[in-house]
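Visitor: If you read the protein sequences in the order shown, they are chains A and B.
Following my numbering, the numbering of the first sequence begins with 1 at its first residue and continues without gaps.
Following my numbering, the numbering of the second sequence begins with 1001 at its first residue and continues without gaps.
Input: one structure, supplied below.
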Amino acid sequence: MDVKQDPAVQQEQEQGKRIGKIVLEVKDLKTYVRTKRGVIPAVDGVSFYVKQGETFGIVGESGGGKSMTAKSILRMEPKPAASIEGGEILLDGVDLTKLSEKQMRKIRGREISMIFQDPMTSLNPVFTVGNQIGEGLRIYEGKMDKKTLKAKIIELLKKVNVAAPEKRISDYPHEMSGGMKQRAVGAIAISSSPKIIIADEPTTSLDLTIQAQYLRLLREIQEKSGVSIIFITHDFGIVAKMCDRVAVLYSGRIVEQGTVRALFKNPSHPYTHALINSVPKVEKRVDRLYSIPGQPTPAWERKKGCYFANRCEYAVDRCFEAYPPTFDGLSGTEGHLADCWRLEDKTWKPKPYLA
Amino acid sequence: MGKYILKRLGQAIFTLFAMSIIVFFLARLSGDPADTLLPAEATQEHRDRMMALWGLDRPTHIQYFLFVGNAVRGDFGESLRLPGRDAFNLVMVRMSKTAELALVAMLFAILLALVIGVFSAVYKNSPLDFFGKLIAILGQSLPHFWIGIVLIWIFAVNLRILPTSGYGTWKHFVMPAIVVGWFQVAALMRLVRSAMFEALDSEYVQLARVKGVSPMKVIWKHCFRNALIPPLTYAGIMLGYLVVGSITTEIVFSWPGVGVLVLQSVLARDYAVVQAISIVFGTIIIAVNFLVDILYAFIDPRIRYH
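Written out as structure tokens, the structure reads:
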């Protein structure tokens, strides 16, 4: 997909969407991981909501807590090392943190499904693709005869644009290309008509043309079914194409969230600003792509103050003393939030783009 | 699939031929049977007559072709040590007893190893996992004959519920099968555990769980089949080991198996019997490996295309 097409794509996206009420609300979620070096707050008080038919992006660099947030929502945090230590995950008002494993099994797949990063490893190599799609269908819709099941599997494969689905149904994963496999995983994800699909970097391992196709497919599915998508990525370019609202995660905390438009137009947290700056621009020729200096401080070395302070070009003394409060109503829109001390000064902004 | 099986079959037959060459010539490298069979004071004439009688005076390669031709028909000649006894028959009668024990022991080992291995992977660091480790360490470190003697002392001498030794009813199988199987349980169980562990950790298991598949189905459908390849490979080698390597157990339990025959025949340079034993052992091991190869393809579709 050409970057120049972006505005058009975004417009089409906004027209096709019907965004409804809130389906998922995460409130002050804390998931801690016990390691040899002590307890690490991988998800450290994260709050956001997702509306019906909306795509909510979670961005940040690796180790920021994106996947752990996703796994926590499905209650699949790697136990016993990781556990949810606080907060609520409300799905249509039901707190998932309070459900037993058995009750959770009725939520997984049926209400919330997930697409993983690597289609090469997320399908079981010893069963046919049809078998793996059918397995879910039989869980959601009960027993059915082979013919009906086969027809339903074929229908699902058609929905995810797999060519010749009658033949593909008996293929093993190793007989399919990466893009085809990821489509099959997509078919599994939509097979229960879930309320929410969590897509954890679903296109990272695909090559660029296939990536664009897949993103288009996800949008089509959303337009047809009205499913909400939580889209996890480290790529702000994809956020711009896919998401309605976005949260920027840094070291387990959301440092900024708001509509994609507000964030791109008015990035208020220096980290968001730097991330957007790191997206290469086709129009501009540069010798060196921008990158944020340093690396996130590991939790066990963290000192008081803002987590990003040591890498932040705008940091002042105060940033090293206490974690900043959350400011709302940035760029004049409610729900545009950011955690940064510098925002106390209402006129302050990170420097304009280097472009 | 058919092509894969044919290819493996061709390889198996080729291996069998290669083995027959090695067996035949190695046996001849071990020395002159006349030295063992005839008294030290035998004359050259005696020696020549004997060599002619056994066909040992002909050129070696002719001997080999005769050997193969006869072997294919199950004729390995008469035993040199026990004149008048057919070598192949001698081996097969004893071999069948050894094979029975090996199969029972293997069944015992596989069942136990699968159950303990799977559950110690699922419940890692639980008491069950610890118990599994204990069984593994003991099984690998205690000598066969010692376990045998202790078992006899407990179950035959004190409790009097099992026969001390010999061959006959199912009760005769219990102790030797435990002795032979225990060692194998240990290794097999650890393999099952680590393979299961890897499978449980995989992304396809996560996807299965995301789909809402029940934990039992995740374990037995999604992980188990993927975890079978390493233990299956070992089980193939193990069956070979069981068929060949239970001499101590056979002696402890007076089992009428092939182990003692091997020992006696090698010491006596009984060419006919040694060759028959080697070929039968080799054939069994090649056949087992062939079966394992075919099972691989059934378990893992990716293997069918290599």
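Idealized CB from N, CA, C, for every residue including glycine.
Output needed for B:L1138: all residues of its chain with C-beta closer than 7 Å, excluding positions within five of it in sequence on either side, in chain order.
Guide: For the purposes of this step, residue 1138 of chain B is identified with residue 138 of the second sequence, where counting begins at 1. The answer is none, since no qualifying residue turns up.
Visitor: Could you tell me which residues DSSP pairs with A:L249 in its beta bridges?
Guide: Translated into the one-based positions of the first sequence, residue 249 of chain A becomes position 249. Beta-bridge pairing links A:L249 to A:I254.
Visitor: Return the residues of the stretch 1250-1271 of chain B that lie within a Cβ-Cβ distance of less than 8 Å from chain A, sorted by chain order.
Guide: none
Visitor: In whole angstroms, what is the alpha-carbon distance linking A:K98 and B:V1122?
Guide: Here the question's residue 98 of chain A lines up with position 98 in the first sequence. Here the question's residue 1122 of chain B lines up with position 122 in the second sequence. Their Cα atoms are separated by approximately 24 Å.
Visitor: Is DSSP giving B:P1127 helix, strand or coil here?
Guide: Sequence index remark: in the second sequence, residue 1127 of chain B carries index 127 (1-based). B:P1127: helix per DSSP, three-state reduction.
Visitor: Would you check if the distance between the CB atom of B:A1012 and the CB atom of B:F1281 is smaller than 8 Å?
Guide: As a working note, residue 1012 of chain B is residue 12 in the second sequence. As a working note, residue 1281 of chain B is residue 281 in the second sequence. No, they are not a contact pair.
Visitor: Give, in chain order, every unbroken run of the alpha helix (DSSP H) that is at least 4 residues long and sits entirely within the stretch 97-156 of chain A.
Guide: 101-107, 119-122 and 129-141
Visitor: Report the residues of the stretch 1288-1301 of chain B with a CB closer than 9 Å to any CB of chain A, ordered along the chain.
Guide: I1299, D1300 and P1301
Visitor: Three or more C-beta pairs under 8 Å: does that hold for the stretch 72-85 of chain A against the stretch 153-165 of chain A?
Guide: Flag = no, the stretch 72-85 of chain A and the stretch 153-165 of chain A do not touch.
Visitor: Taking B:L1159 as the reference, give the member of B:S1165, B:Q1184 and B:L1151 with the closest Cα.
Guide: Position 159 of the second sequence, counting from 1, holds the residue named residue 1159 of chain B. Comparing alpha carbon positions, the residue from B:S1165, B:Q1184 and B:L1151 closest to B:L1159 is B:L1151.
Visitor: For a cutoff of 8 Å on Cβ pairs, would you count A:S113 as touching chain B?
Guide: Translated into positions along the first sequence, residue 113 of chain A becomes position 113. By this cut-off, A:S113 is an interface position.
Visitor: What did DSSP end up calling A:L24 once you bin it into helix, strand or coil?
Guide: By one-based count along the first sequence, residue 24 of chain A stands at place 24. Note: A:L24 maps to strand in three-state DSSP.
Visitor: Checking 8 Å against the spacing of the C-beta atoms, do B:V1185 and B:T1249 come in under that value?
Guide: On the second sequence, position 185 is the one that residue 1185 of chain B refers to. On the second sequence, position 249 is the one that residue 1249 of chain B refers to. Going by C-beta atoms, B:V1185 is not nearer than 8 Å to B:T1249.
Visitor: At a CB distance below 8 Å, what residues from the stretch 65-84 of chain A approach chain B? Give them in sequence order.
Guide: L74 and M76
Visitor: Put A:H165 into one of helix, strand or coil per three-state DSSP.
Guide: The sequence position of residue 165 of chain A within the first sequence is 165, counting from 1. For clarity, residue 165 of chain A is Pro in the given sequence; the question names His instead. Three-state DSSP puts A:P165 in a helix.
Visitor: Using a beta-carbon distance cut-off of less than 9 Å, what residues from the stretch 1205-1216 of chain B approach chain A?
Guide: V1205, Q1206, L1207, A1208, R1209, V1210, K1211, G1212, V1213, S1214 and P1215
Visitor: For chain D, find out if any of its Cβ atoms is closer than 8 Å to the Cβ of A:N124; answer yes or no.
Guide: Looking for chain D here will not work: the only protein chains present are A and B.
Visitor: Regarding A:L137 and the ligand ZN, is the C-beta to nearest heavy atom distance less than 7 Å?
Guide: Ligands displayed in this structure: none; no statement on the ligand ZN is therefore possible.
Visitor: Count the other C-beta atoms from every protein chain shown that fall within 10 angstroms of the C-beta of B:G1259, then say buried if there are 16 or more, exposed otherwise.
Guide: Position 259 of the second sequence, counting from 1, holds the residue named residue 1259 of chain B. Around the CB of B:G1259, 16 or more other CB atoms lie within 10 Å, so the residue is classed as buried.
Visitor: How long is the line joining the alpha carbons of A:V46 and A:D28, rounded to whole angstroms?
Guide: For the purposes of this step, residue 46 of chain A is taken as the residue at position 46 of the first sequence. For the purposes of this step, residue 28 of chain A is taken as the residue at position 28 of the first sequence. If you take the alpha carbons of A:V46 and A:D28, they lie about 5 Å apart.
Visitor: Give a yes or no on contact between the stretch 1075-1095 of chain B and the stretch 1153-1169 of chain B, applying the rule of three or more CB pairs nearer than 8 Å.
Guide: no
Visitor: Quick one: which unbroken alpha helix (DSSP H) runs of 4-plus residues sit fully inside the stretch 1106-1160 of chain B? Chain order, please.
Guide: Those alpha helix (DSSP H) runs which fall completely within the stretch 1106-1160 of chain B and span 4+ residues are 1127-1141 and 1144-1151.
Visitor: Between the Cα of B:G1132 and those of B:F1024, B:V1192 and B:I1284, spot the shortest distance and give me the residue it belongs to.
Guide: In the second sequence, the residue the question calls residue 1132 of chain B occupies position 132. When each option's Cα is compared against that of B:G1132, the closest is B:V1192.
Visitor: Taking all protein chains shown into account, decide if A:A355 is buried (16 or more other Cβ within 10 angstroms of its Cβ) or exposed.
Guide: Residue 355 of chain A sits at position 355 when you count from the first residue of the first sequence. Here the model assigns A:A355 a pLDDT of 45, short of 50, so the residue's position is not dependable, and the following value carries that caveat. With fewer than 16 other Cβ atoms within 10 Å, it is exposed.
Visitor: If you follow the beta strand (DSSP E) that A:L91 is in, where does it begin and where does it stop?
Guide: Stepping through the first sequence from its first residue, residue 91 of chain A is reached at position 91. A82 to L91 is the span of the beta strand (DSSP E), which, as asked, contains A:L91.
Visitor: Would a check of beta-carbon distances place B:S1202 closer than 8 Å to chain A?
Guide: In the second sequence, residue 1202 of chain B corresponds to position 202, counting from 1. Taking Cβ atoms only, chain A reaches closer than 8 Å to B:S1202, which makes this a yes.
Visitor: Touching or not, the stretch 183-194 of chain A and the stretch 113-124 of chain A, by the rule of three or more beta carbon pairs under 8 Å?
Guide: The stretch 183-194 of chain A vs the stretch 113-124 of chain A: in contact.
Visitor: List the DSSP bridge partners of A:V187.
Guide: Counting from one through the first sequence, the residue named residue 187 of chain A turns up at place 187. Per the sequence presented here, residue 187 of chain A reads as Ala, with Val not at that position. Answer is none; A:A187 lacks a bridge partner.
Visitor: Could you tell me which uninterrupted beta strand (DSSP E) segments, each at least 3 residues in length, are contained entirely in the stretch 302-339 of chain A, listed from first to last along the chain?
Guide: 337-339
Visitor: One question on the structure: do A:I154 and A:I169 come within less than 8 Å of each other, judged by their Cβ atoms?
Guide: Reading the first sequence from its first residue, position 154 is the one you call residue 154 of chain A. Reading the first sequence from its first residue, position 169 is the one you call residue 169 of chain A. Going by C-beta atoms, A:I154 is nearer than 8 Å to A:I169.
Visitor: Report, in whole angstroms, the separation of the C-beta atoms of A:T272 and A:V239, which I expect to be a contact under 8 Å.
Guide: On the first sequence, residue 272 of chain A is found 272 positions in, with the first residue counted as 1. On the first sequence, residue 239 of chain A is found 239 positions in, with the first residue counted as 1. Between A:V239 and A:T272 the Cβ distance is about 10 Å, and since that is not below 8 Å, they are no contact.
Visitor: Go ahead and label B:S1246 buried or exposed: buried means 16 or more other beta carbons lie within 10 angstroms of its beta carbon, across all protein chains shown.
Guide: Taking the first residue of the second sequence as 1, we reach residue 1246 of chain B at position 246. Looking at its Cβ environment, which holds 16 or more other Cβ atoms inside 10 Å, B:S1246 is buried.
Visitor: Anything in chain A within Cβ reach of B:N1226, meaning under 9 Å, just list it in chain order.
Guide: Numbered from 1 along the second sequence, position 226 holds the residue referred to as residue 1226 of chain B. Within 9 Å Cβ-Cβ: N124, P125 and V126.
Visitor: According to a CB-to-CB cut-off of less than 7 Å, which residues of the stretch 284-304 of chain A neighbour chain B?
Guide: Against chain B - using a Cβ distance shorter than 7 Å - the stretch 284-304 of chain A contributes no residues.
Visitor: Could one say the Cβ of B:H1061 lies closer than 8 Å to chain A's Cβ atoms, at least one of them?
Guide: Taking the first residue of the second sequence as 1, we reach residue 1061 of chain B at position 61. No, because no Cβ of chain A sits closer than 8 Å to the Cβ of B:H1061.
Visitor: When you compare only the Cα positions, how much space is there between A:G136 and B:G1212?
Guide: By one-based count along the first sequence, residue 136 of chain A stands at place 136. By one-based count along the second sequence, residue 1212 of chain B stands at place 212. Rounded to whole angstroms, A:G136 to B:G1212 spans 7 Å at the Cα level.
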